[in-house]
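S.K.: Going by my numbering, the sequence shown opens with residue -9, and the numbers climb by one from there.
The structure's right below; bear with me while I get my questions together.
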Amino acid sequence: MWRNYVICVLIGLLLATSVSSVTLLRQSTAVQSDADRLRQRAVAAESTTTSLQQQIDRSQAAAATPAAQTVSTVPAGPRATPVAAPAPAVGVIGPDSPILQQIEDNVATLRGLQPKSPVSVRLLDQSALQRMYVDRFNHDYLPDERESDQKLLSTLGLIGPNDNVVQILLDVLQEQILGVYNQDDKIMYLLADNGRFGPDEKDTFAQEFDHALQDQYFDLTALSPKHPDNDDRALAVEALTQGDSTLIQRLWAQNYLTPDELNQVGQNGASSKLFSAPLFLREQLLFPYADGFNFIRQIYQTSGYAGVDAVFRDPPQSTAQVLHIDKYRNHVAPVEVDLPDLSQGALGDGWRKVNSNVFGELDLRLMLTQLTDSTQGVRGAGGWAGDRWELLEKDGHQAFAIKSVWDSEADATTFFRTFSQAMQNRYFGARVEEASDARQALTATSAATEVRRRAATVVAVISFDRDTAQSIADAIAD
């Protein structure tokens, strides 16, 4: 899935808001959370598009670098055969290996996990690192996943008619990448342009080395498969792995960077194209770092790294457990919701199922936020217990259906009302077929919606005509 391949480029963006002004164990009393800071920066960026683009253009011009030419390898034992696209060939230079070894020793001590085998490190210039990462993205982001993401977000109104999900993600990918641990070939790829290895590079190496330790002890491939059948659970696991590595990044920086180095960290992150991406995509990418860190921080403050290791052995099952840590601690598991494959005759001939998966509390929150506002989004998605959605297609037209269950009838009512408001906002001026406490139905020029609530269950449909919307809602309501 695309999130796995884009998240690592955000390291520099997070550094500026995390390291220099944070005292870890006092953070719970801070006036403003890191997540709020990041989101406020995103909103500010959206309101200054022209200035932002000028900054991006200057940054990209200044960051132009020669082709890849460097590699330095820490001796390594046997490693898995690579399954992703191969990295480009490189020559040999880079920072002194003792620097890397010292950071590894520091991280292993802080994390309480000694490496089971050495981690191979390849130092690349910016263009080579970008090329390697884009190749990996293109190799692992499958055609059917691209089709599903594009059509799903378009049907929901979360991207514009001229937006392309792949291009938006590639724009972020092709900014300055600092480094990544590749769990396929067990190699750390790290930026080292012209031999420079400054505070950002050191801090990134500390974070990515933690990912290597996670892989050796908890098997990241098994923990976070590339093509999950439950996207919400996969995003919760990303929050675990990135939250842990962000915690280590901060602990390492606070202990081993000088005040001057701390002031230099993350200075190049403010002009990222991430901040001008659609809210839904942007917030999904920030979630593992911001909310994932807040989740892990609470575990660490009460149980130390023994508690964090226990979470790796029993990872969160939903973003709701990450957003509401008491749900994790009290083992409030998500409810499995079943939907029939509506392409198999229930609606007649000519239908195809594009995809089916789980949104979860975070994605529903983001969808409602984008179509209403952040207050309604948080409130409307709170109390999520489970869901399943299905994207269908007939004659090139898409239809979306979701069945969701909630912790209480009150929570279901709040979601019903908020989703109904989101549909009114999206299809402003649509004819209202019904607007009761149990059903809202809208008919627009080229779309129709059905939103129904019964007890703690809510069904919602967006389709291309009234009859189809009603037929789909009838088929999944029971």
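By construction, the Cβ of each residue, glycine as well, lies at the ideal position given by its N, Cα and C atoms.
Looking at Thr236 and Leu213, is the spacing between their C-beta atoms short of 9 angstroms?
M.R.: Sequence index remark: in the sequence shown, residue 213 carries index 223 (1-based). Sequence index remark: in the sequence shown, residue 236 carries index 246 (1-based). Between Leu213 and Thr236, the CB-CB gap reaches or exceeds 9 angstroms.
S.K.: Could you check which residue in Leu100, Ile167, Pro105 has the C-alpha nearest to that of Val124?
M.R.: For the purposes of this step, residue 124 is taken as residue 134 along the sequence shown, with counting starting at 1. When only C-alpha atoms are compared, the closest one is Ile167.
S.K.: Can the beta-carbon of Gln388 be found less than 9 angstroms from the beta-carbon of Pro268?
M.R.: Position 398 of the sequence shown, counting from 1, holds the residue named residue 388. Position 278 of the sequence shown, counting from 1, holds the residue named residue 268. Not closer than 9 angstroms, so no.
S.K.: Per DSSP, what kind of secondary structure is Asp115 in: helix, strand or coil?
M.R.: Your numbering for residue 115 matches position 125 in the sequence shown. DSSP places Asp115 in coil when its eight states are reduced to three.
S.K.: In the DSSP output, what is Gln430 paired with across the bridge?
M.R.: Looking up residue 430 in the sequence shown gives position 440. Per DSSP, Ala425, Val441.
S.K.: When DSSP builds the beta bridges, which residues end up paired with Gly335?
M.R.: Numbered from its first residue, the sequence shown carries residue 335 at position 345. Gly338, per the DSSP bridge assignment.
S.K.: In this structure, how does DSSP classify Asn154 when only helix, strand and coil are distinguished?
M.R.: Here residue 154 corresponds to residue number 164 of the sequence shown, with the count starting at 1. Residue state, collapsed to three classes: coil.
S.K.: What are the boundary residues of the alpha helix (DSSP H) that includes Glu326?
M.R.: Residue 326 sits at position 336 when you count from the first residue of the sequence shown. That residue, Glu326, is in no alpha helix (DSSP H); it is neither H nor E in DSSP.
S.K.: For Phe208 and Lys263, what's the separation of their Cα atoms in angstroms?
M.R.: The count along the sequence shown starts at 1 and reaches residue 208 at position 218. The count along the sequence shown starts at 1 and reaches residue 263 at position 273. Computed Cα separation, rounded: 33 angstroms.
S.K.: CB Val255 to CB Pro189, shorter than 9 angstroms?
M.R.: For this step, residue 255 is matched to residue 265 along the sequence shown. For this step, residue 189 is matched to residue 199 along the sequence shown. Cβ atoms of Val255 and Pro189: closer than 9 angstroms.
S.K.: Under a Cβ-count criterion, where at least 16 other Cβ atoms within 10 Å of its own Cβ denotes burial, should Asp468 be classed as buried or exposed?
M.R.: Counting from one through the sequence shown, the residue named residue 468 turns up at place 478. Result: exposed.
S.K.: With Ala391 as the anchor, note down where its beta strand (DSSP E) starts and where it stops.
M.R.: Taking the first residue of the sequence shown as 1, we reach residue 391 at position 401. Segment 387 to 396, the beta strand (DSSP E) holding Ala391.
S.K.: Go ahead and label Ser11 buried or exposed: buried means 16 or more other beta carbons lie within 10 angstroms of its beta carbon, across all protein chains shown.
M.R.: Sequence index remark: in the sequence shown, residue 11 carries index 21 (1-based). Residue confidence is low: Ser11 scores 35 on pLDDT, short of 50, so the model does not pin down where it sits. Its coordinate-derived value is still stated next. Its Cβ having fewer than 16 others within 10 Å, Ser11 is exposed.
S.K.: Counting C-beta neighbours from all protein chains within 10 Å, is the total for Glu191 16 or more, i.e. buried, or is it exposed?
M.R.: Sequence index remark: in the sequence shown, residue 191 carries index 201 (1-based). Looking at its Cβ environment, which holds 16 or more other Cβ atoms inside 10 Å, Glu191 is buried.
S.K.: If I measure Cβ to Cβ from Leu210 and keep anything under 8 angstroms in the same chain, skipping five residues before and after, which residues do I get?
M.R.: Residue numbering aside, residue 210 sits at position 220 when the sequence shown is read from its first letter. If we look at Leu210 and ignore the five residues flanking it on each side, its Cβ neighbours are Gln173, His201, Gln204, Thr231.
S.K.: Is Asp468 helix, strand or coil by DSSP?
M.R.: Within the sequence shown, the letter at position 478 stands for residue 468. Coil at Asp468, not helix or strand.
S.K.: Per DSSP, which residues does Asn345 bridge with? Please list them.
M.R.: For this step, residue 345 is matched to residue 355 along the sequence shown. Asn345 is bridged to Leu381.
S.K.: For Thr447, which of helix, strand or coil comes out of DSSP?
M.R.: The count along the sequence shown starts at 1 and reaches residue 447 at position 457. It is a strand residue.
S.K.: With a Cβ-Cβ cutoff of 9 angstroms, do Thr439 and Val451 count as a contact?
M.R.: The count along the sequence shown starts at 1 and reaches residue 439 at position 449. The count along the sequence shown starts at 1 and reaches residue 451 at position 461. In this structure, Val451 lies closer than 9 angstroms to Thr439 by Cβ.
S.K.: Please state the DSSP three-state secondary structure of Lys123.
M.R.: Residue 123 sits at position 133 when you count from the first residue of the sequence shown. The question names Lys, but residue 123 in the sequence shown is Tyr. Three-state DSSP puts Tyr123 in a helix.
S.K.: With C-beta atoms as the reference, is Ser308 less than 9 angstroms away from Asp222?
M.R.: Taking the first residue of the sequence shown as position 1, residue 308 is located at position 318. Taking the first residue of the sequence shown as position 1, residue 222 is located at position 232. Contact flag set, yes.
S.K.: Per DSSP, which residues does Trp502 bridge with? Please list them.
M.R.: The structure shown has nothing for residue 502, since the chain only spans -9 to 468.
S.K.: Tell me the rounded alpha-carbon separation between Gln244 and Ala196.
M.R.: For the purposes of this step, residue 244 is identified with residue 254 of the sequence shown, where counting begins at 1. For the purposes of this step, residue 196 is identified with residue 206 of the sequence shown, where counting begins at 1. Whole-angstrom Cα-Cα distance: 12 angstroms.
S.K.: Report all residues from its chain with a CB closer than 7 angstroms to the CB of Gly102; omit the five preceding and five following residues, and keep chain order.
M.R.: Within the sequence shown, numbered from 1, the residue matching residue 102 stands at position 112. These residues qualify, in order along the chain: Tyr295.
S.K.: In chain order, what residues of the same chain have a beta carbon less than 8 angstroms from the beta carbon of Val9, not counting five sequence neighbours either side?
M.R.: Reading the sequence shown from its first residue, position 19 is the one you call residue 9. Note that Val9 scores 41 on pLDDT, short of 50, meaning its location in the model is unreliable; the coordinates nonetheless yield the value given after this. Within the same chain, Val9 has close Cβ partners Asp193, Gln239, Arg240, Ala243, Gln244, Leu247, Leu252, Val255, Gly256.
S.K.: Going by C-alpha to C-alpha distance, which of Asn320, Gln411, Ala425, Ser461 sits closest to Phe390?
M.R.: Looking up residue 390 in the sequence shown gives position 400. The shortest Cα separation from Phe390 among Asn320, Gln411, Ala425, Ser461 belongs to Ser461.
S.K.: Could you tell me how far apart the beta carbons of Asp139 and Val155 are, in whole angstroms, since I believe they sit closer than 8 angstroms?
M.R.: To locate residue 139, count along the sequence shown from 1; it is residue 149. To locate residue 155, count along the sequence shown from 1; it is residue 165. Yes, they are in contact, since the Cβ atoms of Asp139 and Val155 sit about 5 angstroms apart, within 8 angstroms.
S.K.: Residues in its own chain within less than 7 angstroms of Val301 by CB, not counting five upstream and five downstream?
M.R.: The count along the sequence shown starts at 1 and reaches residue 301 at position 311. Correct list, in chain order: Leu230, Ile289.
S.K.: Let me know the secondary structure DSSP gives Asn128 once reduced to three states.
M.R.: The residue labelled residue 128 in the question sits at position 138 within the sequence shown. Residue state, collapsed to three classes: helix.
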